[in-house]
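Asker: I'd like to ask you about the structure that follows.
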Amino acid sequence: MKFCKKYQEYVQGQEKKLPGVGFKKLKKILKKCRRDFQSKNDVNGVLAIQTCPQHCPVCDGTFFPSLLKEMSDVVGCFNERAQKLLELHLASGFRKYFIWFKGKLQGSHVALIEEGKDLVTYALINAIAIRKILKKYDKVHYSKQGQAFRSQAQSMHMEILQSPWLCELMAFHINLRETKVKSRKTPALFEGCYLTFNDGKPSLSCELFDSVKLDIDLTCSICLDTVFDPVSLTCGHIFCYMCACSAASVTIVDGLKAAEPKEKCPLCREAGVYEGAVHLDELSILLRRSCHEYWEQRLKTERVERVRQAKEHWESQCRAFIGA
Numbered sequence: 001m002k003f004c005k006k007y008q009e010y011v012q013g014q015e016k017k018l019p020g021v022g023f024k025k026l027k028k029i030l031k032k033c034r035r036d037f038q039s040k041n042d043v044n045g046v047l048a049i050q051t052c053p054q055h056c057p058v059c060d061g062t063f064f065p066s067l068l069k070e071m072s073d074v075v076g077c078f079n080e081r082a083q084k085l086l087e088l089h090l091a092s093g094f095r096k097y098f099i100w101f102k103g104k105l106q107g108s109h110v111a112l113i114e115e116g117k118d119l120v121t122y123a124l125i126n127a128i129a130i131r132k133i134l135k136k137y138d139k140v141h142y143s144k145q146g147q148a149f150r151s152q153a154q155s156m157h158m159e160i161l162q163s164p165w166l167c168e169l170m171a172f173h174i175n176l177r178e179t180k181v182k183s184r185k186t187p188a189l190f191e192g193c194y195l196t197f198n199d200g201k202p203s204l205s206c207e208l209f210d211s212v213k214l215d216i217d218l219t220c221s222i223c224l225d226t227v228f229d230p231v232s233l234t235c236g237h238i239f240c241y242m243c244a245c246s247a248a249s250v251t252i253v254d255g256l257k258a259a260e261p262k263e264k265c266p267l268c269r270e271a272g273v274y275e276g277a278v279h280l281d282e283l284s285i286l287l288r289r290s291c292h293e294y295w296e297q298r299l300k301t302e303r304v305e306r307v308r309q310a311k312e313h314w315e316s317q318c319r320a321f322i323g324a
């Protein structure tokens, strides 16, 4: 079955109307563009060698703006729903029952897994749709503008496979699989997802359908050790929370939201990536369980540093209060 038809069936089969990629509409735009472009290059009945024009009015005015908006809607919807799902899983006590009564989800682990599975499928099938339509664009135009647009979308944080919430869903799946949901009746979130170690360095690996494979390195590029209390910046790079605070020139008391907009990611050098940083709580639970000895040792070390920074912060606040 062609992917376009498979995608249309997926969209029609959704119980909830969710934003997606107008796959059929975008292909019609490209078809019109190819027809118009070929007619211009047809010289005496012989098709001339084609090169993509620097400015294609059809695609510049319709294709890319339409796709960009759809990508933004898909990523926004996925992030919002994944955040709510994980918030429910991590909630405890009265807060958890309060969320249930608000009707966000049924209060069961099976319902959590089903929701997570739907979200992962939603993310992946839309990511594949975007990849295929951009590949079609380059084929029609004999260019690499589709690849360039994809790189631009990544820099604008609209690449759904780079979303920190997808990383959290992977950790969420492993956490549930290894704890109280080992019942045979419990559906799997998605297959082929594991925490692997290579020379003692951990990474999240997941083999997905249509040859999509994710490998997320869990080594902090600042301290060069396994990420502790991990946080993902808006550019998608993962660091230890204290390492990120150090790179952003803020204390743990002030937090990453207090970072100056000019502060850059230590890896990609993109500015303004700290304010929207996401704490990866599910990943933290997974690493604490899988690297217990390391986690306990790192916890003791960081506790001393956190106490020191907190003490210095409150001493400076007291001096400022009394005017010293």
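Counted from 1, the sequence shown has number 161 at position 161 by full-length UniProt numbering; the numbering is strictly sequential.
Glycine residues also receive a C-beta, built at the ideal position from the N, C-alpha and C atoms.
Quick caveat: nothing in here was measured; it's all calculated off a predicted structure.
Would you call the CB atoms of Y7 and A129 closer than 8 Å?
Answerer: It is a contact, given that the beta carbons lie within the stated cut-off.
Asker: Taking contact to mean 3 or more Cβ pairs, one atom from each stretch, closer than 8 Å, check whether the segment 308-323 and the segment 260-279 are in contact.
Answerer: Contact fails: fewer than three Cβ-Cβ distances are below 8 Å.
Asker: DSSP three-state call for P202: helix, strand or coil?
Answerer: P202 falls in the strand class under three-state DSSP.
Asker: What three-state label does DSSP hand C268 in the structure shown?
Answerer: C268: coil per DSSP, three-state reduction.
Asker: Could you check how far apart the C-beta atoms of E168 and L283 are, in whole angstroms? I think they sit under 8 Å.
Answerer: At roughly 6 Å, the Cβ-Cβ gap stays under 8 Å, so E168 and L283 are in contact.
Asker: What does DSSP give as the partner residues of S232 in its beta bridges?
Answerer: Looking at the DSSP assignment, S232 forms a beta bridge with I238, V278.
Asker: Does DSSP put D225 in a helix, in a strand, or in coil?
Answerer: Here D225 sits in coil by DSSP.
Asker: Compare the C-alpha of I252 against each of H141, Q309, V140 and name the closest.
Answerer: Checked all of H141, Q309, V140; the closest Cα to I252 is Q309.
Asker: Using the beta-carbon count (16 or more within 10 Å), is H89 buried or exposed?
Answerer: By the 10 Å Cβ count, H89 comes out buried.
Asker: If you draw a straight line from the C-alpha of E305 to the C-alpha of A247, how long is it?
Answerer: E305 and A247: Cα-Cα distance of roughly 16 Å.
Asker: Measuring CB atoms only, is the segment 291-298 touching the segment 169-179, in the sense that at least three cross pairs come out at less than 8 Å?
Answerer: Counting Cβ pairs under 8 Å, fewer than three are found: no touch.
Asker: Could you check whether L214 and L161 sit closer than 8 Å to each other, using their CB atoms as the reference points?
Answerer: Yes, Cβ-Cβ distance for L161 and L214 is below 8 Å.
Asker: From this set, K17, P164, F3, which residue's C-alpha is nearest Q83's C-alpha?
Answerer: Q83 has its Cα closest to that of P164, out of K17, P164, F3.
Asker: Can you name the residues that DSSP bridges to K213?
Answerer: Answer by DSSP bridge pairing, in chain order: E207.
Asker: Based on DSSP bridge pairs, tell me the residues matched to L195.
Answerer: Its beta-bridge partners are L204.
Asker: With DSSP collapsed to three states, give me the class of T219.
Answerer: The answer is strand: DSSP assigns T219 an E or B state.
Asker: Whole-angstrom Cβ separation of F78 and L119, contact assumed at under 8 Å?
Answerer: Contact flag correct, Cβ pair sits at about 7 Å.
Asker: Between H157 and T234, is the Cβ-Cβ spacing less than 8 Å?
Answerer: Yes. Within cutoff.
Asker: Any idea if E115 is buried or exposed, counting beta-carbon neighbours within 10 angstroms, 16 or more meaning buried?
Answerer: So E115 ends up on the buried side.
Asker: Do S232 and L280 have their C-beta atoms within less than 8 Å of each other?
Answerer: Closer than 8 Å, so yes.
Asker: Are the CB atoms of I238 and V227 nearer to each other than 8 Å?
Answerer: Yes.
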